[in-house]
Amino acid sequence: MVFSFARARQFDAQFERLRRVFSRCLSGEAGIVLVEGGVGCGKTHALEAVTTHAAKAGALVLKAYGSSADPAPLGTLRQLLDSPRLPKATADRLRRALDHGALGAAGLLETAGGATPGVPLTQVQGAREFRAALYELASREPVVICVDELQFVDRLSLQYLLYLATRSHAAKLLMVFAQATDSEQKDAIFNTELLRQPNFQRLRLERLSWEETARLLTTRLGLPDSTDVSYNWYEVSGGNPLLLRALMDDYRTAGVPPRPSRAVEPMVGDMFVQAVLTCVYRSGHTVSRLAEGIAVLGASASPDLLARLLGLGPAGIQRGVAALTGAGLIDGLAFRHSSVEAAVLEDMDPGIRLDMNRSAAVLLHQGGGATLAVARHLLAAHCADEPWAVPLLRDAAQQALAEDDAKLAVACLELAYAACDDEELRASIRIGTAGIMWRLNPSASERLLEEPLAALRAERLPASHIGRLIELLLAHGRIEEARGAIGRLKAVMSGTAPTNLSQFRMTARWAQDSGPQDSGPQDPAAPERGSGSATRPGTDGGAFRAPARSRRPSSLSTITAAFTGFFGGGEREESPVAAAEKVLEVSPLTDATFEPIVNSVNALVYAGRPDKAAPWCDSLMDEAERRRSPGWRAIFASIRAEIALRQGNLVESAAYATTALDIVPGRDGSVFIGGPLASQILAYTAMGKYDAAARQLSRPVPEALFRSIYGLGYTRARGRYYLATKRFNAALGEFLMAGKLAQHWELDQPALLPWRSDAAEAWLELGEREKAATLVSEQLSRTGVGDPRVRGVSLRLLAAAGDHEQRSRLLGQAVEELQCSGDRLELARALDDLGGALRTSGDHGRAHAIMSRAWQMAKECGAEELCARIRLDSGLDPGDPRQVVQTVRGPLGAKTAVPASLGSKLSESEARVAALAVDGYTNREIAANLYITISTVEQHLTRVYRKLNIRSRQELPSALRAEVDEIA
1 MVFSFARARQ FDAQFERLRR VFSRCLSGEA GIVLVEGGVG CGKTHALEAV
51 TTHAAKAGAL VLKAYGSSAD PAPLGTLRQL LDSPRLPKAT ADRLRRALDH
101 GALGAAGLLE TAGGATPGVP LTQVQGAREF RAALYELASR EPVVICVDEL
151 QFVDRLSLQY LLYLATRSHA AKLLMVFAQA TDSEQKDAIF NTELLRQPNF
201 QRLRLERLSW EETARLLTTR LGLPDSTDVS YNWYEVSGGN PLLLRALMDD
251 YRTAGVPPRP SRAVEPMVGD MFVQAVLTCV YRSGHTVSRL AEGIAVLGAS
301 ASPDLLARLL GLGPAGIQRG VAALTGAGLI DGLAFRHSSV EAAVLEDMDP
351 GIRLDMNRSA AVLLHQGGGA TLAVARHLLA AHCADEPWAV PLLRDAAQQA
401 LAEDDAKLAV ACLELAYAAC DDEELRASIR IGTAGIMWRL NPSASERLLE
451 EPLAALRAER LPASHIGRLI ELLLAHGRIE EARGAIGRLK AVMSGTAPTN
501 LSQFRMTARW AQDSGPQDSG PQDPAAPERG SGSATRPGTD GGAFRAPARS
551 RRPSSLSTIT AAFTGFFGGG EREESPVAAA EKVLEVSPLT DATFEPIVNS
601 VNALVYAGRP DKAAPWCDSL MDEAERRRSP GWRAIFASIR AEIALRQGNL
651 VESAAYATTA LDIVPGRDGS VFIGGPLASQ ILAYTAMGKY DAAARQLSRP
701 VPEALFRSIY GLGYTRARGR YYLATKRFNA ALGEFLMAGK LAQHWELDQP
751 ALLPWRSDAA EAWLELGERE KAATLVSEQL SRTGVGDPRV RGVSLRLLAA
801 AGDHEQRSRL LGQAVEELQC SGDRLELARA LDDLGGALRT SGDHGRAHAI
851 MSRAWQMAKE CGAEELCARI RLDSGLDPGD PRQVVQTVRG PLGAKTAVPA
901 SLGSKLSESE ARVAALAVDG YTNREIAANL YITISTVEQH LTRVYRKLNI
951 RSRQELPSAL RAEVDEIA
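Going by this note's numbering, the sequence shown opens with residue 1, and the numbers climb by one from there.
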């Protein structure tokens, strides 16, 4: 019951009119009522209400329903005979009357090829007998005839009903008809003749208002009586009672609990969709076609375009729009809710839908329609056979990218590719699609490169596309294939004008500059000597001096410069960090800038500035998510995982790596997975979660991974796992293999792959201290070693491989470097080693404080394995329940007392800073604990060094140490 639960005021008023008409019928005055309204607006319920009222008053109610599925002559009227209260004699008489009419209709059909016949005598006799039978019945008791869906009643039934209506003024007879407003099937003669009858009344049922919608939602669903709530439901349902009830049913089915204090959005489900389709197709064939046309055209719909698309006249369009508007389905020429449009499209015949979309594309193109609108119809039609289609689809792809709709851009290019038969243009489209697909799925982007790669190997790829292919291969880290493409590029560059390659500056520079380095590596098992050599521990007190930097740019700076445009001319070279920051500051995230941006973030990471890279990466991840670019977000999440790893944030690193892997579907066939997998394996290994690391190592990876730059990191991660699980020879083999590959690709940069220090650790575990020292010294001597993290790790291992007398000093230098690097995990390892060295030398006070700090750092990093090792180094067994460290006091609590011997030299502020420095705190941590700036900390330490005549914090006297509980 649509209206009874709505309690619509308009229905109460209309029902009162019907009740009065029926009252006059009881007094012998016949009545005719026509109830009109949009589909689903309560006409059927109005008829049910009046028949229920009439039946209670003792009237005989006869019902019939028009149906487009039953066009048989007099088929509607025969339904009147089904009433169980109809006397048998009257029913037989009515049946004979209808049979006479059917014979007349048959005779009319038989004369259909000749002159226009008159009304057959049998038909007239049948109508008279039909009226006489009902008139006689109405003389004995009130009779109410209700006919619903009048627009679908067969023509002969309408003639009988009209004969009855025009000749039954003084009888207890009430005829109530219901029909949809603006229906194309309405019989104009029938409606006009009814209007001429003095006892005729027309009732119009309108849609619900939003106030009535609000009252319904409050009484039936318990939703708040709020304008916002009712307006949202009203906008979706259009005030159509049938649609509103379907929405309520879907809401109940979804099981959403009422939330009186919050706005509740309507739930569009199966009931609503079915109600929509019912409204559309009960409106008639023309209205249904119009609804389909509006659904197909979408935002491009206009009366003129709909008329041309559907072959309808202006009157038909106007009538159909009025019908759909009256049913609350459309507002203007747009469906009120996207699910309505989707339901109409889904219910269309597939062939008709394809043809209509193709026609729409042609009509829009002829009329100068928007490029994207035409492209959408071509996509929906799966057809691009028009001569203008391929260029238009390529233009549409660019427009879609400008609107951050990468999926649409890819779809446009895929259709253009399928429709194109020009070999060079097909290659351009395929490579362009691969570049755009990176936004969505790096794995799919890689797969799209296979076809142009095959064309390159067969020497069929046009020279104009090789440069972009190389850029994409390098961006995906597929170094080996990029080298082959570079070789091909070299072969064609000599015959290509520079202007033709200007758009590929990075690949051209790579091809020109690729070649042996100044001091090229040889066999990683016996690494080469650099042009400079590290100063081994000796008479200079163990200090390390790096060799003079070569003037030739490193691979890192060359790639960074190539991507950012800072080639220089040999006179001045901008640093990678400055160049990267400049790119990031001025470049919006677009398809054209994505690769330079990624390389710039990586430049910051590999230049030892993860602190600068992290906020950029976080910002870019958020922007990629806003821009609907999951592939970009996966790339930045993978970089963020490595940044977190380089900062010692193990849990964070594993989480970012998981994010990157979860974003990309179908990732197992992609070399990209090597990056986040390596971060996960390294993080789990450092956390001591060897089972988790082993599970990641057991995942299948493509063979191509080991021909890509991601294979370097993956191989190193596998080696670190072997090292942690005491498989030292296996670990050494992994590190040396990674190093050999890096040398082969001329990517032997410690900031990118510190394979020498990794191998040195393995040699140390195997007791080969001299081999370890050689590898570490060579790593320190590598050109461009400016990363404090690499230097700190190298110095720590150099101390482990060197003489015991110089160990503390080298470890002090390592701590200094690692404090600058921001890697808390490597700093904790260096502090642990330094504490052990001080403990061996008898300086137990400083050793305890430093090892306490090392344990705290390791704990904060999530490195449980390192925490356990520090317990052993501090003299506790693994199962000892005592804490390694207790609460640190001194500068964190009570004031530090300045030793009397130094009281005249240091101020209280200087002493507090120096005390924390002795305890192993970094400058940043000192600043945080004392609520001062890092610059102030540096200034205090400079004055302390000068006053105490020392050069570094390792020389600070332990008497300055803050009051700290010793390691248990």
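Just so you know, even glycine gets a beta-carbon here, dropped at the ideal spot from N, CA and C.
- By the neighbour-count definition (other C-beta atoms within 10 Å, threshold 16), Asp-92 is an exposed residue.
- Annotation for Ala-579: no beta strand (DSSP E) segment contains it, though the alpha helix (DSSP H) segment containing it runs 576-586.
- Counted as a single uninterrupted DSSP element, the stretch harbouring Tyr-921 is not any alpha helix (DSSP H), since DSSP gives it neither H nor E.
- By the Cβ criterion, the segment 671-683 is in contact with the segment 691-708, since at least three pairs of Cβ atoms, one from each stretch, lie closer than 8 Å.
- With respect to the 9 Å criterion, Ala-854 and Gly-835 are classified as neighbours on the basis of their beta carbons.
- Taking 8 Å as the upper bound for CB-CB distance, Ile-597 and Leu-589 are in contact here, some 6 Å apart.
- The C-beta separation of Gly-862 from Met-687 comes to about 5 Å, placing the pair in contact by the 8 Å criterion.
- Leaving aside the five residues that flank Pro-462 on each side, the residues in its chain whose CB is nearer than 7 Å to its CB run, in chain order, Glu-424 and Ala-427.
- In the DSSP assignment, Met-621 falls outside any beta strand (DSSP E) and within the unbroken alpha helix (DSSP H) covering 610-626.
- Gln-647 sits in coil when the DSSP states are folded into three classes, being neither helix nor strand.
- Under the 10 Å beta carbon count, His-804 is surrounded by fewer than 16 other beta carbons and is classified as exposed.
- Taking 4 residues as the minimum length, the alpha helix (DSSP H) runs contained wholly in the segment 413-439 are 423-437, in order along the chain.
- Secondary structure of Ile-681 (DSSP, three-state): helix.
- One alpha carbon belongs to Thr-433, the other to Tyr-714, and they sit about 28 Å apart.
- Per the C-alpha coordinates, the member of Leu-474, Glu-817, Ala-360 and Ser-757 positioned closest to Arg-707 is Leu-474.
- Secondary-structure assignment with DSSP links Gly-37 through a beta bridge to Ala-180 and Leu-205.
- Beyond the five residues adjoining it in sequence on each side, Leu-620 comes within less than 6 Å, by CB distance, of Phe-636 in the same chain, given in chain order.
- By alpha-carbon distance to Ser-600, the top candidate from Ala-613, Glu-480 and Gly-435 is Ala-613.
- Nearest to Lys-726 by alpha-carbon distance, out of Asp-249, Tyr-690 and Val-410, is Tyr-690.
- Around the beta-carbon of Pro-788, 16 or more other beta-carbon atoms lie within 10 Å, marking it buried.
- Asp-250 sits in a helix when the DSSP states are folded into three classes.
- In this structure, the beta-carbon distance from Leu-223 to Val-264 falls below 9 Å.
- Residue range 188-195 is occupied by the alpha helix (DSSP H) that includes Ala-188.
- In the three-state DSSP reduction, Gly-31 falls in the strand class (E or B).
- Comparing alpha-carbon positions, the option among Thr-166, Ser-139 and Cys-146 lying closest to Arg-128 turns out to be Thr-166.
- The segment 41-57 and the segment 139-149 touch, with three or more beta-carbon pairs separated by less than 8 Å.
- Taken in chain order, the unbroken stretches of alpha helix (DSSP H) that lie wholly in the segment 269-324 and span 4 residues or more are 270-281, 285-297 and 303-310.
- Residue Tyr-160 holds the alpha-carbon nearest to the alpha-carbon of Val-124 among Ala-138, Tyr-160 and Leu-134.
- Assigned with DSSP and collapsed to three states, Lys-88 falls in helix.
- Contiguous alpha helix (DSSP H) elements confined to the segment 658-736 occur at 674-687, 690-697 and 709-724, taking only those with 4 or more residues.
- Only residues of its own chain outside the window of five on either side were considered, and among them Glu-341, Val-344 and Leu-345 have a CB closer than 6 Å to the CB of Ala-295, listed in chain order.
- Excluding the 5 residues flanking it on each side, Ala-275 has same chain C-beta neighbours closer than 6 Å at Leu-242, Leu-243 and Ala-246, in chain order.
- Rounded to whole angstroms, the gap between the alpha carbons of Asn-232 and Gly-239 is 11 Å.
- DSSP places Asp-355 in the helix class (H, G or I) of the three-state scheme.
- Here Val-264 carries a coil assignment [DSSP, helix/strand/coil].
- A contact between stretches requires three or more CB pairs, one per stretch, nearer than 8 Å, and the segment 81-92 fails this requirement with the segment 168-179.
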